[in-house]
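Start counting the sequence shown at 25; every next residue gets the next number (our numbering).
Read through the structure below, which is laid out as structure tokens, and then see the notes.
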Amino acid sequence: VFKRMFIISHGGSTTLANFQECNALVRQTEIPASITDSLSPRLSNTERLRRLLGYALSSSNTATSITSSFFNVKRRGIRSILGKSETNKFHVLRALYERHWIEEWAEVLGSAILIRNAIKSEVTCKIFFSQILKVNDVTFPSDDNLFALQIETPSRALKILFENKSARDEFRDVVSTERTISNARNAQIESLPKGCQCTKWNCEQRILLNCSAASPPTEQGPLETVAMCLQLIVKIRDGKQRDPLEIYSFFTSIATLKTADVSILTEKSRVAFFLNLYHTMVIHAFLALGYPSTGFKFYSFFNKVSYEVCGDIFSLTELEHCIIRARMASPSAFLSRFILPSSTYNIALTNADFRINFALNCGSISNPKHIFVYCPEDLDDQLNAASRMFLQKVSVNSRGVVELPKVCQWFRSDFSSLGIASDKKMVLMLEPYLSEEATESLSLLRKRGFIFDRIEVKFLQYCFDCASPRLWQSTSEQFTIL
Numbered sequence: 025v026f027k028r029m030f031i032i033s034h035g036g037s038t039t040l041a042n043f044q045e046c047n048a049l050v051r052q053t054e055i056p057a058s059i060t061d062s063l064s065p066r067l068s069n070t071e072r073l074r075r076l077l078g079y080a081l082s083s084s085n086t087a088t089s090i091t092s093s094f095f096n097v098k099r100r101g102i103r104s105i106l107g108k109s110e111t112n113k114f115h116v117l118r119a120l121y122e123r124h125w126i127e128e129w130a131e132v133l134g135s136a137i138l139i140r141n142a143i144k145s146e147v148t149c150k151i152f153f154s155q156i157l158k159v160n161d162v163t164f165p166s167d168d169n170l171f172a173l174q175i176e177t178p179s180r181a182l183k184i185l186f187e188n189k190s191a192r193d194e195f196r197d198v199v200s201t202e203r204t205i206s207n208a209r210n211a212q213i214e215s216l217p218k219g220c221q222c223t224k225w226n227c228e229q230r231i232l233l234n235c236s237a238a239s240p241p242t243e244q245g246p247l248e249t250v251a252m253c254l255q256l257i258v259k260i261r262d263g264k265q266r267d268p269l270e271i272y273s274f275f276t277s278i279a280t281l282k283t284a285d286v287s288i289l290t291e292k293s294r295v296a297f298f299l300n301l302y303h304t305m306v307i308h309a310f311l312a313l314g315y316p317s318t319g320f321k322f323y324s325f326f327n328k329v330s331y332e333v334c335g336d337i338f339s340l341t342e343l344e345h346c347i348i349r350a351r352m353a354s355p356s357a358f359l360s361r362f363i364l365p366s367s368t369y370n371i372a373l374t375n376a377d378f379r380i381n382f383a384l385n386c387g388s389i390s391n392p393k394h395i396f397v398y399c400p401e402d403l404d405d406q407l408n409a410a411s412r413m414f415l416q417k418v419s420v421n422s423r424g425v426v427e428l429p430k431v432c433q434w435f436r437s438d439f440s441s442l443g444i445a446s447d448k449k450m451v452l453m454l455e456p457y458l459s460e461e462a463t464e465s466l467s468l469l470r471k472r473g474f475i476f477d478r479i480e481v482k483f484l485q486y487c488f489d490c491a492s493p494r495l496w497q498s499t500s501e502q503f504t505i506l
């Protein structure tokens, strides 16, 4: 049976404490409300305890009791495996996510590194030597008695902790030798990961996609980083042959957004940031997981696909409805009330803008084929252009019947400051964004003396078939064309 343990580096020594001991220490410590309130409600119980334990240890003069030395609780199965005469097998802890580890054993075999389950010996992770870009020592600032390596491929980083320095060095030497041999073989094509197991968050129903190691800190802000990531994932998708360095750059860059601070950005900058992030997630998810095949799977897909950003976690649905559209209307569709989450985020946008309905592109073929890389300087022009693109298929007939996209029905209240918008009000609000043909039809109705109170709106059917959106190679001059 696996036990949850905490490796504690405190007072210059490394100790191993069990869950109950750590919980008791936290309960004995008076922790300010400002600390507990700052923690995301989506954190797992283990991660929440780990963070509170850090505060308790830093504010307590009481030494923690040592229950056992590090790596002194080997499984009987691991002891049996490692006790055999075979070489190239190592007892390790594998990082599930950042500071969360699981006890397993590693084997260097043939052309790959295999990480196996401690009990059943099932392969939990496999990395081909031909995929490896870097193998680096991992240092722990608070403790130089922990010996770990980080193995980086284009799309992921495997971090493993060893029993001692000699085991780490031996593993590194074996891997280095095998990598040299494998360079003569054909490189294995690495598919994009389908998400990672994450014990940091309560995310049993989530698929977390940005779980690689972050690139070294740069002066680039979150707005510039997410814009670069959107362009990179499009380039990766459209490339005839995927460049490992481009994939590596994308995954390490998108991982830096885990700790990004968007609170310092203006509202316009945050709109641009979250729109670019949404489209990056959509394209990334389609590329890694494929397209949802039915309407039901579409909703499930968008509720599961998640990123960790700004110290919190959210799905595509939460990003759209709880952050970007937080101050806008809830969808009118009855089923949506049971599907959409009610999560709250302190990074949510604070202003409503009906044009955002047309800027968000989930990849449905009912939406335009193109998206923008949004920037705060051109945001108004880009939102206007996105609205015109979305409304290009609007038709107006001689009887005053206007056919609008389904999104206008779902979020009808966004087109009025006083409840649900009337047909007339909605058409008049959208008229500046309609095609030349549609606006000419409305002009002809006016010349004929048509009473606009009698105008009738119908809504086009929505198609859940998907296609990954393309980037509009935009300039300010091109916005006027739309």
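We put the beta carbon where it would ideally sit given N, CA and C, even for glycine.
These numbers come from a predicted model, not from an experiment.
{"Item": "Collapsed DSSP secondary structure at residue 129 in the structure displayed", "Value": "strand"}
{"Item": "Cβ pair count under 8 angstroms reaching 3, the region 261-277 against the region 315-328", "Value": "no"}
{"Item": "Those residues which DSSP pairs with residue 20 across a bridge", "Value": "For residue 20 there is no data in the structure shown, the boundaries of the chain being 25 and 506."}
{"Item": "Coil, strand or helix - residue 121 by DSSP", "Value": "strand"}
{"Item": "The region 461-474 in contact with the region 413-432 per 3-pair CB rule at 8 angstroms", "Value": "yes"}
{"Item": "Stretch-stretch touch, CB-based, cutoff 8 angstroms, three pairs: the region 335-351 with the region 399-414", "Value": "no"}
{"Item": "Counterpart residues of residue 160 in DSSP-defined beta bridges", "Value": "174"}
{"Item": "Where residue 242 sits in the DSSP three-state scheme", "Value": "coil"}
{"Item": "Three-way DSSP call (helix, strand, coil) for residue 153 in this model", "Value": "helix"}
{"Item": "Local conformation of residue 250 per DSSP, three classes", "Value": "helix"}
{"Item": "Sequence-distant residues of its chain with Cβ nearer than 7 angstroms to residue 300 (five each side left out)", "Value": "250, 251, 254, 397, 398"}
{"Item": "Any 3 or more C-beta pairs closer than 8 angstroms across the region 118-129 and the region 138-147", "Value": "yes"}
{"Item": "Euclidean distance between Cα positions of residue 434 and residue 428", "Value": "11 angstroms"}
{"Item": "Paired residues, beta bridge with residue 407 - DSSP", "Value": "Partner(s): none; residue 407 has no beta bridge."}
{"Item": "Buried versus exposed call for residue 216 [16 or more other C-beta atoms within 10 Å across all chains shown]", "Value": "buried"}
{"Item": "Identity of the residues DSSP links to residue 446 by a beta bridge", "Value": "None, per the DSSP bridge assignment."}
{"Item": "Residue 374 classed as buried or exposed, judged by whether at least 16 other C-beta atoms fall within 10 angstroms", "Value": "exposed"}
{"Item": "Contact test: residue 365 Cβ vs the ligand FAD heavy atom, cutoff 7 angstroms", "Value": "Because no ligand of any kind appears in the structure shown, any question about the ligand FAD cannot be addressed here."}
{"Item": "Check whether residue 153 and residue 179 have beta carbons under 8 angstroms apart", "Value": "no"}
{"Item": "Residue 481 - containing alpha helix (DSSP H), residue span", "Value": "Here residue 481 belongs to no alpha helix (DSSP H); instead the beta strand (DSSP E) covers 480-483."}
{"Item": "Three-state secondary structure (DSSP) of residue 427", "Value": "strand"}
{"Item": "Where the alpha helix (DSSP H) through residue 294 begins and ends", "Value": "291-313"}
{"Item": "Enclosing alpha helix (DSSP H) for residue 61 [first to last residue]", "Value": "57-61"}
{"Item": "Pair within 8 angstroms by beta-carbon distance, residue 202 and residue 147", "Value": "no"}
{"Item": "Contact under 8 angstroms by Cβ, residue 247 with residue 293", "Value": "yes"}
{"Item": "Exposed unless 16 or more other CB atoms sit within 10 angstroms - verdict on residue 51", "Value": "exposed"}
{"Item": "Own chain residues within Cβ distance below 6 angstroms of residue 92, not counting five before or after", "Value": "Residue confidence for residue 92 is low, a pLDDT of 44 falling below 50, so the modelled location carries little weight; the figure read from the coordinates is stated next. Excluding positions up to five away in sequence, the list reads 40."}
{"Item": "CA nearest to the CA of residue 14, picked from 155, 236, 67, 231", "Value": "Here the chain covers residues 25 to 506 and nothing more, so residue 14 does not appear."}
{"Item": "Beta-ladder partner(s) of residue 115, from DSSP", "Value": "129"}
{"Item": "Under the three-state DSSP convention, the category residue 352 falls into", "Value": "coil"}
{"Item": "Euclidean distance between Cα positions of residue 170 and residue 195", "Value": "15 angstroms"}
{"Item": "Boundaries of the alpha helix (DSSP H) in which residue 435 is found, first to last residue", "Value": "It is not in any alpha helix (DSSP H) - residue 435 carries neither H nor E in the DSSP assignment."}
{"Item": "Beta carbon of residue 182 nearer than 8 angstroms to that of residue 151", "Value": "yes"}
{"Item": "Residue 389 and residue 491 closer than 8 angstroms at C-beta", "Value": "yes"}
{"Item": "Residues that residue 220 bridges to, as DSSP identifies them", "Value": "232"}
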